[in-house]
Amino acid sequence: MKPIGIFYGSTTGKTEIIAKKIKNQFTDTQIDIYNVRFASEKDLEKYDNIILGTSTWGKAELQKDFKDFLSILKKANLRGKKIAIFGVGDSSKYPVSFADSIGIVFEVLEGKGAIFVGEFSVKGYHFESSLSIFGDKFAGLPIDEDSECDLNKERISMWTDLLKLSLN
């Protein structure tokens with residue numbers, strides 16, 4: 001498999017921790033992790049496999065550094081690159097905007113020619129609504145470190161198994 005770039009934005013450290021847990025699932029693949037606060041368009045464009053991670057703040061707000069990183073994502077040439085998204089949210093405190101960040105990022109990148117991978121089933125999640133749902137699946141992996149942290153290890157494992165089949 002070609003190298004993977006993981007780009008995350010994290011304020012409290014939860015998204016960074018999840019990024020590292022995802023990296024640890026790929027034992028035979030080179031993975032570089034970037035805090036988006038310090039990442040450039042050049043960093044992003046050197047990967048054919050990209051994993052993006054952010055969190056949802058309040059109602060449909062991206063993490064600050066990732067929100068700033070959107071301008072780089074919009075400018076970057078992502079045509080033909082495989083992109084997976086994970087998002088950290090709180091399904092009990094924000095059940096009407098759970099993991100909206102995944103959907104926000106997906107919609108920003110949708111017309112850029114990227115190939116999206118890593119859709120994930122909504123089964124087993126407890127929330128009311130999310131901008132991250134397209135059809136009957138999430139556009140990426142939602143992680144709830146607050147209310148469903150006991151399920152995250154299994155969800156990350158299932159998701160990365162899917163990615164191993166989808167990435168180059």
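Under the working numbering, the residues of the sequence shown are numbered 1 to 168, in order.
Note that beta-carbon positions come from the ideal geometry of N, C-alpha and C, so glycine has one too.
Nearest residue (CA-CA) to residue i, options the options
| i | options | result |
| --- | --- | --- |
| Thr160 | Lys20, Val108, Ser91 and Asn77 | Lys20 |
| Asp32 | Tyr8, Lys14, Gly13 and Lys164 | Tyr8 |
| Gly80 | Ala114, Gly124 and Leu162 | Ala114 |
| Lys2 | Gly89, Phe26 and Ser40 | Phe26 |
| Ile85 | Gln30, Ile156, Asn77 and Ser92 | Ile156 |
| Ala60 | Asp90, Asn24 and Phe38 | Asp90 |
| Asp173 | Glu154, Gly124, Ile4 and Gly13 | The question about residue 173 has no answer, for the chain in this structure spans 1 to 168. |
| Ser40 | Asp150, Lys14 and Ser71 | Ser71 |
Range of the contiguous beta strand (DSSP E) that encloses residue i
| i | result |
| --- | --- |
| Ser55 | Asn49 to Trp57 |
| Phe7 | Ile4 to Tyr8 |
C-beta atoms of residue i and residue j nearer than 7 angstroms
| i | j | result |
| --- | --- | --- |
| Ser147 | Ala99 | no |
| Ser130 | Thr54 | no |
| Phe116 | Phe138 | no |
| Glu16 | Val88 | no |
| Leu167 | Lys82 | yes |
Range of the contiguous alpha helix (DSSP H) that encloses residue i
| i | result |
| --- | --- |
| Asp28 | Here Asp28 belongs to no alpha helix (DSSP H), and DSSP marks it neither H nor E. |
| Phe66 | Lys64 to Lys75 |
| Lys42 | Glu41 to Glu45 |
Chain-order list of residues whose beta-carbon lies under 8 angstroms from that of residue i (same chain, five-residue window excluded)
| i | result |
| --- | --- |
| Glu128 | Pro95, Val96 and Phe98 |
Contact set for residue i: own chain, Cβ-Cβ below 7 angstroms, skip 5 residues either direction
| i | result |
| --- | --- |
| Trp57 | Gln63 |
Neighbour flag for residue i against chain C, beta carbons, 7 angstroms
| i | result |
| --- | --- |
| Val108 | Looking at the structure shown, chain C is missing, and only one protein chain is on hand. |
Own chain, CB closer than 6 angstroms to residue i, minus 5 neighbours either side, in chain order
| i | result |
| --- | --- |
| Val36 | Phe7, Gly9, Asp65, Phe66 and Phe69 |
Quiz item: What residue ranges within the region 89-157 form continuous alpha helix (DSSP H) runs of no fewer than 4 residues, ordered along the chain?
Solution: 100-109
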